[in-house]
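Q: Mind having a look at this structure? Questions to follow.
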Amino acid sequence: MGSKIKKGLSYVLGDSNDNENHILPINAIQYSAVTNNFYTGGRDGTVKTWCCRNGWEHSRQGTPSQFNFNETFEDSDNRDVDVDQDIDERVLKLETAISSNPLPYCTTPYDDYNITNNYNIHFDWINDLKLVNNDRDLVSCSSDLSLKLINLHNSDTSEKTHVHKFPNVHTDYIKKLSYFVPENNIVSGGLDGKVVLWDLATLNPIQEIQTHSLNTALPNSIYSLANNNSNLISTGGPSNTINLYDKRLSNNSNNIKKLIGHQDNIRCLLMNDNFILSGSSDTTIKLWDLRNFKVYKNFDIHDDAVWSLSTSISSSPGMLNQCDDYYNTDFKVFYSGDKGGKIVKTDLSYLSTNIRKDGFDTFTGSDDLMDEKLGVSTIIAKTNSPVISLCCETDVQPNSILSSNTILASTELSLNRYIVPDTDQLSKYQYSRNCLDYVLNHDNHMNDELTSGLGDVAADQNDLNSDFYDIVSHLSIDTNNFDIQSSFSGNNYPLSVHNVENNNEVVDANEYNSMFLNTGGGPSTEFVNTYKEGLSSKDALNDLTTVDNTPVEILLNPIPSEQITQVPFNTEPYTMFPLIRKSIIAKRLFNNRRHILVLYLNGDLKIWDIFACAEIKTFPYESSTSTELTKDLIEDRLKEMENIFHKYQTEDTLNTWCEVDIKSGKLLVTLKESMFNNVEAYYDELCKSYPYLSYRHPDNIEGLKNKEVKPTIDDRLPLAKILINSFFHQYAIYEWEFDNQLREELKAYKRDNRKIPLSSSYERFTNDRSVAITSNSSISNASSVDGSSFTNTAKRIKMFTKKSSKNNIHQDDRQTLASASSVASSVTDFPTSINGSSLMSNFINNDGLISISQDSSNEDSIMSMLQYNKKRYWEKYGSYGTNKTVDSILRIYSNDPKYSMPDDNNEYRPLFYPHRLPSNLLIIIFEHSPELGNMRDLCSFHLEDIIKLLNDSYTNEPLINDLRNYLPVWIGRPVLYSKFPIKENPKIEFKLQEVDYTLLPPNTTIGGKSQKKIKRLPMTDSVIKLTSHNMLRVLKILTYLTERFDGRTPEMKDMKNPSEWLALECKGQEMPNNFTLQTIKTKIWKSSSEIELRFRRKFD
């Protein structure tokens, strides 16, 4: 990577919704058939666990079929019985069962889902989720360029101990995940075109593939990703091409095939050993045959871009651990959702590849021709919002049959559950009918050959067709035998039709509804939904109002598509979970750079304090409704927002000390080294806004008992210095205690003449109190104790061990994740005390240098500073002996004398103590560079995790290691050394002179006198020219004036404060005492020239 990668700090502000639905749409859903929970990942950066309180029990609803065709249609080996065994009778029975009956379905009466866990682990969109390790863990990928693994069954209450981050490899948004179940690997793909294969045992990358586009004008970004659970990986994206890779081959030759056929972005992929199923923005779905890499079947069942594909296995990968046979039968039924809001179930159960276990041969001998005609597509639901993600709630039926009775669909407004109709009878009928047609056509062809002399003619032609005579009589149409003939089978009731005299054809002009589609496009030519004459929807056989119980009829005559209205099976969601309208959609930052006005999706307006991390004022939307704001309403609220903004605007003129963006529906406040020290605030003004920062406040009394600290009103305090130290105060104290122990341990090492490694990479200090980053050292590396050396190579994780540790990814018999390096990862196996010999020994016998990503190391880190401290302590013991413990180099930012040293000054160090800040505040350490597509997450944690570090019964060592390795030096200096870089403020020129009283209005008096009679102030110089920093306040200028007076005025003799009797004007406007030169120049003077200020006594 060309540019140097830098580090920054961010924190997230917004309303808490831990036990509520997401505030932004859900991008990914996974369902666990093991626990019956489902998991959602949203654009708000959170993962939520949904649990059903009442368990999972199915009950049959709707109208069951009269016949059990499973016993007659398939034998015990799940193979087709001989086709000559009464196929005509089976077709007739199926026809009778289907006609005039609504679609059967299963559902559950227990649908009381609630959110049991909330993981706020990403600061940008979560793009995909995958359940792994038999549904014990969940992997997420995000636009914050990170992948994380959540241990779903860790009993520890701290999120940090069961959320583990993968190393940084991707350089742009990570869009998709795919799970290799047998090998316990996961694949990630993103907009950087990288396909990365990860070992879930160590969370380390084991292979990286860089994709390439055929069309150099199109990016090689990855929008979709799948694998065959063996060696093949497929990717799709804006190149309109499916790339097929073999991970066994080298990176230069592993792109074994490019499948060309789609005309637009490939948005979703599914894959097994036989097929690839692809969905595209060109509105089509294609089934690709991996034997010849050609399209096996096209599905033109959508009118809008296909955004989502789902099957039982893709929704619940843990099913493969229960039965290997599930995988290659997974495409028997698939679900698709599009941008227009349509959700379709496509039943391919009787495709030739699905009805035979041992190959592709069926009785017809023409599988391709038969398969072209097969496939029942049913519209499950139609929403007014794009379908973003689908997930099947899969149940295992007897005989290991996968069944999805409900499906989850996320839209831009809600998470919906829909009932899935049982289309098995329709698929059986379609298959049987096509088999019958094939046999009849084949038989007629043979008869034609016989009658034309190509063979012997049967003795009795009637006998030849006798097997099928009865069924033909039912399936054929003979207008000579009936006055009016129905378009449906099995019906003997009249329908309204028109006779066409020219050709004696009967035309059905009725309008029909249909929830069925032709796989090739348009309404189904096989099935419609209608009631018999005299019946209506009120006569439906089921009272459940969320589904359409209109009976199904089989078409024997085609009906023009313009006479058919497409309707969904679900008239409304079975269960709906609306999104919580707490996302922020607009912001305005006030001039004081501490307050920000935001507009929420529900119309509420709030003022947030980004410095104190608190909400300070709310303007509720009185007309708030249960639905999202319309465009017009948003415009109205934006106008109201502008009015409130001007009402509460401040007159400050300050530089930018932080960036504030709307990310994932919340405020993301970002501090970077280049700007964090730009803004200071005066002590007295801070105390007005935050009384608890005053040195007299009870929060600070304890620390001030034995120390004389008297801040003045002219003291300026950097905002970032206060905030950063407030975030990491408990961590700083932890390191102080660790440093005390370290110095004692090093003294013992020196006495025993033991050696320690001293790194040459960390010359950070030119003396004990300043930091200078250099790369040379005068001391060479020494070998470690007993000749042992520490390596950063991660050890392979043993699966399903019973080793107990607080920091294992799995407890008890669950999988253990560990790293050989004490600093290489947040997944460690340290003891739980500073005094633990292993913790201290690891630090002493390591130089701490690790790689934190492919592009950077932890050289710019607190670990480098601590290692330098170790080196300096060791040198001092070598120079001065071990009779006395050397002094600490650390200087903690605190008013408590316990953490001070004799040479410290009496500087007042205000803090937001823990109870003043939100405990669930998400803090992120990130890296950034021009080459990265976004800020890249290095580690994240909540403020409460930091606070708990001083709890003797709780030690979060993964967090300690993350802080040491990822916090940059520019944060470490103020936190551990109380050193803050002071930026020199710009200088402003101005001149002071007394007001010309003759120009004042006659009615304006000072001391009871007007104009020429006003007594002038005792000034020696008529004009005073000055230059000062831009933060100089009017109050200070007035005090300076009194010092320049030639003699004492009566007010001065009365010991009055200058601000009580003096005033300063600019362009005839009296300046408030808190105005700075910068504010005057920007707001009043509005020129780059020297500012002219005039002073006088205050008017009467």
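Using this note's numbering, the letters of the sequence shown correspond one by one to residues 1028 to 2127.
Glycine residues also receive a C-beta, built at the ideal position from the N, C-alpha and C atoms.
Quantities reported herein were computed from a predicted structural model and do not represent experimental measurements.
1) Measure the alpha-carbon distance for Asn1933 versus Cys1078 and round it to whole angstroms.
2) Kindly indicate the opening and closing residues of the beta strand (DSSP E) around Gly1263.
3) Which ranges does the alpha helix (DSSP H) cover as unbroken runs of at least 4 residues, wholly within the segment 1728-1785, from first to last along the chain?
4) Kindly list the residues whose CB is nearer than 7 Å to the CB of Trp1763, restricted to its own chain and excluding five residues on each side of it in sequence; keep chain order.
5) Could you check the C-alpha separation between Gly1692 and Gly1068 for me, to the nearest Å?
6) Would Ser1341 and Asp1330 qualify as a contact pair, given that the criterion is a beta-carbon distance under 9 Å?
7) Can you check DSSP and say which residues form a bridge with Gly1068?
8) If I follow the unbroken alpha helix (DSSP H) through Asn1670, where does it start and stop?
9) Near Lys1324, which residues of its chain fall below 6 Å by C-beta distance, leaving aside the five closest residues on each side in sequence?
10) Looking at the structure shown, is Trp2088 part of a helix, part of a strand, or coil, going by DSSP?
11) Return the chain-ordered list of same chain residues with a C-beta closer than 7 Å to the C-beta of Ile2107, the five sequence neighbours on each side being excluded.
12) I need the DSSP call for Thr2109, collapsed to helix, strand or coil.
13) Alpha carbon to alpha carbon, how far is Lys1975 from Asn1195? Give it in angstroms, no decimals.
14) Count the other CB atoms, across all protein chains shown, that sit within 10 Å of the CB of Val1159; report buried if there are 16 or more and exposed otherwise.
15) At what residue ranges does the segment 1949-2031 contain a whole run of the alpha helix (DSSP H), taking only runs of 4 or more?
16) Just how far apart, CA to CA, sit Asn1910 and Tyr1904?
17) Identify whether Gly2034 lies in helix, strand or coil by the three-state DSSP scheme.
18) Give me, in chain order, the residues of the same chain whose beta-carbon lies closer than 8 Å to that of Thr1592; leave out the 5 immediate sequence neighbours on both sides.
19) So, is Leu1713 buried or exposed, given that buried needs 16 or more other C-beta atoms within 10 angstroms?
20) Do the segment 1574-1585 and the segment 1124-1134 make contact, defined as three or more Cβ pairs closer than 8 Å?
21) Does DSSP classify Phe2126 as helix, strand or coil?
22) With a cut-off of 8 Å on the beta carbons, I'd call Ile1889 and Leu1965 a contact; round off their distance for me.
23) Going by DSSP in three states, His1622 sits in which element: helix, strand or coil?
24) Of the choices Leu1453, Lys1409, Leu1463, Thr1450, whose alpha-carbon is the least far from that of Ser1437?
25) Go to Arg1615, then tell me how far its beta strand (DSSP E) extends in each direction, as first and last residue.
26) According to DSSP, which residues form a beta bridge with Trp1315?
27) Can you tell me which residues form a DSSP beta bridge with His2056?
28) Judging by CA-CA distance, which residue of Leu1276, Asn1212, Pro1246, Arg1460 is the nearest neighbour of Asp1113?
29) Going by other Cβ atoms of all chains shown within 10 Å of its Cβ, with 16 needed for buried, is Phe2122 buried or exposed?
30) Tell me whether Ile1056 is buried or exposed, calling it buried when 16 or more other Cβ atoms sit within 10 Å of its Cβ.
31) Can you tell me whether DSSP reads Lys1221 as helix, strand or coil?
32) If you follow the alpha helix (DSSP H) that Val2061 is in, where does it begin and where does it stop?
33) Considering only C-alpha positions, which residue in the set Ser1416, Lys1737, Gln2096, Tyr1758 is nearest to Ile2111?
34) What number of angstroms, rounded off, separates the C-alpha of Asn1046 from the C-alpha of Lys1644?
35) Considering only the beta carbon of each residue, do Met1298 and Asn1255 sit closer than 9 Å?
36) Which residue wins for smallest C-alpha separation from Thr1380, given the options Leu1317, Ile1142, Pro1945, Val1061?
A: According to the structure data:
1) Rounded to whole angstroms, Asn1933 to Cys1078 spans 56 Å at the Cα level.
2) Taken as a continuous stretch (DSSP letters only), the beta strand (DSSP E) holding Gly1263 covers 1259-1263.
3) Residue ranges of uninterrupted alpha helix (DSSP H) with 4 or more members, entirely inside the segment 1728-1785 and ordered along the chain, are 1746-1754, 1756-1778.
4) Only Leu1917, Ile1919, Tyr1926 meet the Cβ criterion.
5) Taking the Cα positions, Gly1692 is about 14 Å away from Gly1068.
6) Result no, Cβ atoms of Ser1341 and Asp1330 do not sit closer than 9 Å.
7) For Gly1068, the pairing in a beta bridge is given by DSSP as Ala1055, Val1074.
8) Looking at the DSSP string, the run of the alpha helix (DSSP H) that includes Asn1670 is 1658-1675.
9) Around Lys1324, the same chain offers Leu1314 as residues with beta carbons nearer than 6 Å, after the five sequence neighbours per side are excluded.
10) Helix, per DSSP.
11) Within the same chain, Ile2107 has close Cβ partners Cys2093, Met2098, Ile2118.
12) Three-state DSSP puts Thr2109 in a helix.
13) Straight-line spacing of the CA atoms in Asn1195 and Lys1975 works out to 27 Å.
14) With 16 or more other Cβ atoms inside 10 Å of its own Cβ, Val1159 counts as buried.
15) 1970-1974, 1984-1993, 1996-2003, all fully within the segment 1949-2031.
16) In a straight line, the C-alpha of Asn1910 is about 9 Å away from that of Tyr1904.
17) Coil, per DSSP.
18) Excluding positions up to five away in sequence, the list reads Glu1538, Tyr1539, Asn1540, Ser1541.
19) In this structure Leu1713 is buried. Its beta-carbon is surrounded by 16 or more other beta-carbon atoms within 10 angstroms.
20) With a cut-off of 8 Å, the segment 1124-1134 and the segment 1574-1585 count as touching, because enough Cβ pairs lie within range.
21) Coil, per DSSP.
22) In fact, because the Cβ distance is near 13 Å, the residues do not count as touching under 8 Å.
23) Of the three classes helix, strand and coil, the one that applies to His1622 here is strand, per DSSP.
24) It is Lys1409 whose Cα lies nearest to the Cα of Ser1437.
25) Here the beta strand (DSSP E) through Arg1615 covers 1611-1616.
26) Paired residue(s): Ile1303, Val1322.
27) For His2056, which the question treats as bridged, DSSP gives the partners Lys2014.
28) Considering only alpha carbons, the answer is Arg1460.
29) Classification for Phe2122: buried.
30) By the Cβ-count criterion, Ile1056 is buried, with 16 or more other Cβ atoms from all chains shown falling within 10 Å of its own Cβ.
31) Strand.
32) From DSSP, the alpha helix (DSSP H) with Val2061 extends over 2061-2071.
33) Residue Gln2096 holds the alpha-carbon nearest to the alpha-carbon of Ile2111 among Ser1416, Lys1737, Gln2096, Tyr1758.
34) In a straight line, the C-alpha of Asn1046 is about 24 Å away from that of Lys1644.
35) Yes.
36) Among Leu1317, Ile1142, Pro1945, Val1061, the Cα nearest to that of Thr1380 belongs to Leu1317.
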